[in-house]
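Novice:
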């Protein structure tokens with residue numbers, strides 16, 4: 001039982017590191033979420049999760065990456081319909 005719990009803990013942690021970055025830009029509408037790589041990785045990275053389920057490593061210093069992160073962190077507020 002203990003071994004199973006440890007295995008579940010290990011596999012549920014974000015263990016990914018980026019070793020290379022995606023060479024292009026992703027469109028905002030393709031990105032569903034993201035996670036920052038661990039601090040002990042050899043290079044910093046952001047892993048974008050696309051709506052199709054693909055994981056893409058990107059350079060966190062790129063301006064387009066920061067813009068997508070900002071939009072994901074602060075989605076636009078929807079206007080409330082007027083009272084009827």
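Residue numbers (the UniProt record's numbering): 1 to 84. Glycine included, each C-beta is placed from N, C-alpha and C at the ideal position.
On the CB-based measure, 16 or more other CB atoms within 10 Å of its CB, does residue 45 come out buried or exposed?
Specialist: Stepping through the chain shown from its first residue, residue 45 is reached at position 45. With 16 or more other Cβ atoms within 10 Å, it is buried.
Novice: Could you tell me the distance, in whole angstroms, from the CA atom of residue 3 to the CA atom of residue 34?
Specialist: Walking along the chain shown from the start, residue 3 turns up at place 3. Walking along the chain shown from the start, residue 34 turns up at place 34. Any reading at residue 3 needs caution, since the residue's pLDDT is 38, under 50, leaving its predicted position unreliable; the model's value is listed next. Those two C-alpha atoms are separated by around 30 Å.
Novice: Just to check my reading of the structure: residue 30 and residue 50 have Cβ atoms closer than 8 Å, yes? What is that Cβ distance to the nearest angstrom?
Specialist: Locating residue 30 in the chain shown gives position 30, counting from the first residue. Locating residue 50 in the chain shown gives position 50, counting from the first residue. That belief holds up - the Cβ atoms of residue 30 and residue 50 are roughly 5 Å apart, short of 8 Å.
Novice: Return helix, strand or coil for residue 29, following the three-state DSSP convention.
Specialist: The count along the chain shown starts at 1 and reaches residue 29 at position 29. Helix at residue 29.
Novice: If I follow the unbroken alpha helix (DSSP H) through residue 67, where does it start and stop?
Specialist: As a working mapping, residue 67 is identified with position 67 in the chain shown. Counting along the chain, the alpha helix (DSSP H) containing residue 67 begins and ends at 63-73.
Novice: Would you report the Cα separation of residue 20 and residue 74, rounded to the nearest angstrom?
Specialist: Taking the chain shown and counting its residues from 1, the one referred to as residue 20 is at position 20. Taking the chain shown and counting its residues from 1, the one referred to as residue 74 is at position 74. Between residue 20 and residue 74, the C-alpha separation is close to 27 Å.
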